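In what follows, a structure is listed as structure tokens, so that the remarks can point back to it.
Protein chains in written order, with our numbering: chain A, 77 to 301; chain B, 77 to 301; chain C, 77 to 301; chain D, 77 to 301; chain E, 77 to 301; chain F, 77 to 301.
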């Protein structure tokens with residue numbers, strides 16, 4: 077007779093110590109990582125780029141991230157080899173993603189995660205899946221990561237994700253009919269810009285992350301579960 | 077100046093109460109689910125199939141699952157409308173998946189998750205992603221869910237997953253050269269059977285789950301993180 | 077002036093002797109196979125797996141196949157290296173494929189063939205194309221093998237195959253709307269399970285066969301033409 | 077206990093009477109076709125195009141086909157609405173397909189079938205699958221229809237089909253390296269032209285047939301099995 | 077502060093001298109081509125095929141081309157190694173492409189370009205993009221090359237291109253519904269044949285050109301801009 | 077006998093008047109556009125977004141563009157509804173595209189065009205195809221638009237485009253091996269960042285343009301031919 081599968085033992089020991097910003101100790105006993113994802117906290121990309129000098133503004137921004145999140149997102153560290161690029165990235169994200177007019181923060185994270193899932197980007201799915209979990213709920217986050225069609229969404233949010241995903245996988249087929257579908261779901265032309273802008277932005281970061289093997293801070297994995 | 081993104085607040089309140097097998101209470105306040113994924117714990121598929129009578133063996137098996145895992149996996153409940161089908165499923169899984177000769181339990185879960193990720197199956201990614209987290213580690217689990225190529229794997233495990241994924245997405249292109257690659261990575265012919273058998277099995281369950289909108293027990297989402 | 081193509085000469089000599097279970101003689105004159113497909117009757121897969129001992133039940137089952145069909149299907153021989161796996165396979169197929177409630181045997185074979193055609197599986201297309209020819213008619217069999225859309229099907233059977241094929245090639249896109257289409261074509265929820273179960277099963281066997289280069293009994297090729 | 081599958085009964089009654097060119101009787105008893113594929117023998121495409129007047133040369137060619145094959149291939153009837161188009165088609169096929177320098181008639185049919193299989197063209201797979209069966213053997217024909225990779229081919233023929241299939245599904249990726257692979261397999265530049273010419277021709281006829289729902293003469297299905 | 081991009085300087089010197097049929101001088105100074113595309117005017121394909129003897133008819137046809145166009149299209153030179161093939165090609169194109177009943181010359185070029193764009197064929201996009209520019213307008217030509225969906229087309233022309241492109245990329249999915257869409261857009265059954273015939277023809281030439289690395293006459297690039 | 081195709085008449089009248097920044101007159105005689113692409117010069121996207129107020133810096137930038145190029149690129153006008161977004165876009169492009177370390181301006185345009193061709197983006201192919209024509213040569217520009225594999229490139233540039241295109245169509249498959257290929261072609265880690273950054277940027281703009289039906293200035297079409 078078959079045995080119940082043991083893939084999820086009730087009392088599985090917590091295998092991963094909680095990483096903190098102060099302990100990026102990669103090597104634990106026997107040369108193994110001190111905790112799962114420990115290397116990702118210190119080796120951010122596959123590229124060897126000499127660290128650049130941060131501007132006072134960026135120094136302050138990093139400090140603020142650390143205070144608020146408890147860590148500095150690796151994507152910022154990845155750009156930090158060149159302060160000009162870093163500032164442009166932070167500002168572009170602010171203007172073209174975060175300054176959306178009516179999209180909620182959760183909706184922005186949903187688009188980011190669904191888009192990144194299509195592109196199978198380890199960095200972005202991890203970071204933004206966490207965003208959906210924290211701002212929405214843990215199960216919604218998982219559905220955005222795995223298959224957004226599994227989620228029970230409002231007509232508005234479904235239309236928003238259908239557009240973002242079509243724009244991701246076959247942008248050449250997006251036509252007026254697709255914009256009309258968004259309008260019928262209640263979105264304004266400005267919203268259409270914002271949805272497109274957010275989806276387009278993550279199509280960019282997905283590729284930058286995949287091209288450089290950018291690794292997410294390990295702390296994301298355990299948050300808001 | 078841009079603000080640090082707030083997608084991962086340091087002290088985000090745990091939004092999801094721990095579900096237990098005794099409290100499948102879907103509705104909380106104001107008609108909302110009592111906790112994220114609560115509906116998934118009571119409405120297992122989109123199909124209305126009258127419950128069947130379980131054999132004493134299956135009754136015992138369900139009881140054993142409950143004792144060991146703390147819950148009965150929804151896939152078993154989904155099959156329970158017909159005891160003959162349920163028994164055949166449990167036995168087939170035992171023989172063709174769990175009775176692999178040299179593949180470890182973790183490796184079986186890795187194949188299951190990587191295959192299910194290709195097919196974007198909410199049920200199977202959730203259940204087996206949990207398996208990888210519990211038997212391996214939480215970050216490995218996430219990489220299997222998102223993009224197995226992100227993981228730093230041994231040559232053996234990489235070859236195993238490359239084969240399983242190719243078999244999933246373009247089985248018609250699998251040829252002797254692919255089997256030779258497995259042999260060169262240390263696998264026997266029996267192992268090749270086992271890898272194929274496991275990958276093929278989850279290609280089946282992925283489709284059964286997607287066809288019926290099978291929902292994973294909500295408890296999986298929070299385990300082994 | 078062009079000559080009529082000679083690809084289908086009126087009196088082409090029958091090139092393939094009728095294979096029988098008693099004459100798996102591979103080598104004919106000059107080291108060539110005794111008849112087309114002769115090797116496939118003796119070398120069932122590309123894997124070298126020592127034959128296992130069959131249970132009395134399985135011995136009886138093989139004998140029954142031989143009496144009824146005139147041969148033992150190679151898929152059974154392929155599983156015979158392990159009696160436990162063989163029994164589980166035969167039982168699973170019985171319960172999850174053959175025990176469909178209202179699907180006819182022909183319809184099951186149609187699904188099996190259309191699914192296997194998508195996956196370009198030599199073993200399964202051959203065996204189940206034969207099934208469609210025998211239970212339906214020879215031309216229907218060919219259309220299931222080549223392109224099921226060419227067949228003039230009832231609304232019911234077309235919906236059934238559209239669902240099975242979508243489930244095969246992009247299972248992640250199957251949603252309630254697809255189930256509703258089946259219901260509108262007259263299928264019950266139990267039928268939906270059965271269609272999904274059959275399609276899923278052959279998605280599994282297609283991959284097991286492709287992974288192992290499983291070869292169909294040569295006798296199939298000439299039957300029910 | 078499971079029963080042996082009955083998909084291929086030993087003594088299945090021959091369900092399809094042998095069609096002849098003199099009996100395109102579509103309707104049998106109860107309005108059903110007289111035999112499988114009977115409609116295909118009289119309604120050649122989905123387009124209503126008034127029959128044109130054939131030139132004496134084409135009249136003679138049709139007569140020759142009928143004497144040699146026992147029927148007039150439906151593709152010729154489909155073009156017959158316009159004698160100019162018909163003559164151009166017959167001549168082009170003669171010059172660009174049949175006048176290949178070293179490719180054998182069998183190899184031409186193999187390319188035609190493998191290409192048509194990629195495009196899932198009912199007419200062309202049927203007609204040329206028959207060609208491979210008649211000129212090669214019945215099992216080789218089936219493998220060309222289902223998945224040419226299943227066939228045990230010489231290095232020459234495998235390279236030939238790999239090139240033809242790549243040219244069919246992603247022509248934009250064919251480069252000097254692909255031509256070099258053909259040269260290394262023993263083909264001359266003229267052979268490369270011929271392989272390309274044959275593959276290209278069937279990519280054309282596949283689309284003409286699919287666009288018009290061109291139906292193959294039913295007699296093909298039973299020949300050379 | 078960012079500088080305006082300099083990718084399109086207002087007074088960019090004309091870098092490419094106008095090629096003429098009398099000056100196929102490949103080598104300019106320092107072994108570089110005399111002008112962009114100069115090699116393409118003398119080395120027509122990657123295949124070394126000894127030139128054949130042209131019939132008087134073909135000699136006259138080449139002369140006529142030269143007088144009318146100012147050059148002989150390279151595709152004709154590519155076929156010229158075998159006069160029989162050349163004549164068959166010219167005649168087939170005349171009958172199956174140019175003898176369309178109601179399609180305008182522009183519409184034929186639009187289909188040719190949109191199809192060739194799907195297959196990313198350098199020769200055919202260049203030659204027929206030029207055709208659309210000359211017979212329609214320069215911007216329409218560019219849209220056919222890049223993405224026909226960007227063009228503001230009549231319902232008739234959009235339906236025509238949708239059919240041609242579907243026939244190109246997934247011919248197996250073309251069904252009666254697609255033909256009905258054409259009929260609703262005002263096309264007759266004869267027009268459907270013609271659209272299919274033109275689309276199919278360029279699916280053929282695209283592959284012949286890609287297989288042989290056929291190069292377009294450089295003069296096309298600068299015409300009708 | 078066939079007639080020479082007339083798709084490229086020697087003396088085709090120039091149909092498109094040269095558009096200037098001072099004459100965005102859309103309507104010519106009979107309500108038709110004054111010249112091909114005339115609407116594109118005045119209706120930049122499909123979205124109705126009220127114009128925003130430009131900062132003095134952006135005013136100056138627009139003026140500079142006009143002086144240098146003779147027009148203001150439509151992408152800038154499209155962003156101009158929000159000065160913050162416009163500035164962020166211009167600065168990001170400057171930092172992440174134009175500030176590449178060793179990539180030449182031509183190489184940046186080549187990546188932009190090859191990437192945009194994969195995404196079939198009318199705006200970006202037009203603008204950057206022009207860039208390649210102006211900085212490289214007209215034929216190179218056409219090859220980047222149509223199929224970059226047709227170009228005879230240095231090992232360096234071919235590796236660069238292979239990476240950029242792979243990153244565009246299947247970013248999830250980019251691994252260390254791909255970076256190694258770039259390094260072997262002579263690129264530094266900083267160059268890898270730059271190539272990735274440029275390719276990623278145009279994957280973003282392609283989607284923003286497709287989502288909003290952004291139209292290129294008509295003047296691009298005729299430049300540097």
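Quick reminder that beta carbons are idealized off the backbone N, C-alpha and C, glycines included. In this text, all values refer to a predicted model and were calculated from it rather than measured experimentally.
### Simplified DSSP state of residue 298 (chain F), which is helix, strand or coil
helix
### Query
Between residue 224 (chain C) and residue 275 (chain C), which are expected to be in contact by the criterion C-beta below 8 Å, what is the C-beta distance as a whole number of angstroms?
In fact, because the Cβ distance is near 12 Å, the residues do not count as touching under 8 Å.
### Query
When the Cβ atoms of the segment 249–264 of chain E are set against those of the segment 150–170 of chain F, are three or more pairs found closer than 8 Å?
They do not touch, by the three-pair rule.
### Message
If contacts are defined as beta-carbon pairs under 8 Å, then residue 198 (chain A) and residue 194 (chain B) qualify, I think. What distance do you get, rounded to the angstrom?
### Response
The pair is not a contact, with the Cβ atoms about 15 Å apart (cut-off 8 Å).
### Message
I want to see whether chain A comes within less than 8 Å of residue 298 (chain B), judged by CB atoms only; does it?
### Response
yes
### Task
List in chain order: all unbroken alpha helix (DSSP H) runs of 4+ residues lying wholly within the segment 89–175 of chain C.
132–145, 150–155, 159–169
#### Entry: Among E:212, E:235, E:249, E:280, nearest to residue 261 (chain E) - alpha-carbon criterion
E:235
### Task
Give the DSSP-derived three-state secondary structure of residue 291 (chain D) in the structure shown.
In the structure shown, the three-state DSSP call for residue 291 (chain D) is coil.
### Query
When we look at the beta-carbon of residue 286 (chain A) and count the other beta-carbons within 10 Å, is it buried (16 or more) or exposed?
Classification of residue 286 (chain A): buried, given that the 10 Å Cβ count is 16 or more.
### Contacts around residue 122 (chain B), its chain only, beta-carbon distance under 8 Å, and the 5 residues preceding and following it disregarded
288, 289
### Message
Can you confirm whether residue 198 (chain A), when its beta carbon is compared against all beta carbons of chain B, has any partner nearer than 8 Å?
### Response
Taking a beta-carbon distance threshold of 8 Å, residue 198 (chain A) counts as an interface residue toward chain B.
### Proximity of residue 182 (chain E) and residue 208 (chain E) at Cβ, strictly below 8 Å
yes
### Task
Work out the CA separation of residue 161 (chain F) and residue 136 (chain F) for me, nearest whole Å.
Residue 136 (chain F) and residue 161 (chain F) have their C-alpha atoms spaced approximately 16 Å apart.
### For residue 263 (chain C), three-class secondary structure by DSSP
coil
### Query
Is residue 235 (chain B) helix, strand or coil when you go by DSSP?
helix
### Task
Return the residue from the list A:159, A:237, A:263, A:268 that minimises the CA-CA distance to residue 134 (chain A).
A:159
#### Entry: residue 272 (chain D) vs residue 283 (chain E) beta-carbon contact at 8 Å
yes
### Query
Closest by CA to residue 301 (chain E), which one among E:217, E:112, E:117?
E:217
### Query
What residues in its chain sit with their C-beta under 8 Å from that of residue 212 (chain D), if we drop five residues either side in the sequence?
Residues of the same chain with a CB within less than 8 Å of the CB of residue 212 (chain D), apart from the 5 flanking positions on each side, are 182, 185, 186 in chain order.
### Query
Should residue 124 (chain C) and residue 265 (chain B) be called a contact, given that it needs their Cβ atoms to be closer than 8 Å?
The answer is yes: Cβ separation under 8 Å.
### Task
Take residue 278 (chain B) as the anchor and find which of B:126, B:117, B:165, B:192 has the nearest alpha-carbon.
B:192
### Query
If you drop the 5 nearest sequence neighbours on each side, which residues of the same chain put their C-beta closer than 8 Å to that of residue 249 (chain C)?
242
### Message
With distance defined between alpha-carbon atoms, name the residue in D:245, D:281, D:163 nearest to residue 196 (chain E).
### Response
D:245
### Task
Work out the CA separation of residue 299 (chain F) and residue 205 (chain F) for me, nearest whole Å.
10 Å
### Message
Residues of the segment 212–223 of chain B in Cβ contact with chain C at a cutoff of 7 Å, in chain order, please.
### Response
none
#### Entry: As assigned by DSSP and simplified to three states, the class of residue 200 (chain F)
helix
### Message
Check whether chain E comes within 8 Å of residue 128 (chain F), counting only Cβ atoms and requiring the distance to be less than that.
### Response
no
### Query
Closest Cβ-Cβ distance between residue 116 (chain D) and chain E: below 8 Å?
no
### Query
Can you tell me where the alpha helix (DSSP H) with residue 190 (chain F) in it begins and where it stops?
181–194
### Query
Using a C-beta to C-beta distance shorter than 7 Å, which residues of chain C count as neighbours of residue 167 (chain B)?
In chain order: 164, 167.
### Message
Within 8 Å of any Cβ in chain E, is that where the Cβ of residue 100 (chain D) sits?
### Response
Note that residue 100 (chain D) scores 48 on pLDDT, short of 50, meaning its location in the model is unreliable and no value can be drawn from it.
### Query
Would a check of beta-carbon distances place residue 112 (chain F) closer than 8 Å to chain E?
yes
### Query
Excluding sequence positions up to five away, which residues of its chain have a Cβ less than 7 Å from the Cβ of residue 200 (chain E)?
188, 192, 278, 281, 282, 285
#### Entry: 7 Å Cβ cut-off: residues of chain A touching residue 161 (chain F)
171, 172
#### Entry: Of the residues E:215, E:210, E:131, E:267, the one placed nearest residue 237 (chain E), counting alpha carbons only
E:267
### Query
Counting contacts by CB-CB distance shorter than 8 Å, is residue 234 (chain C) in contact with chain D?
no
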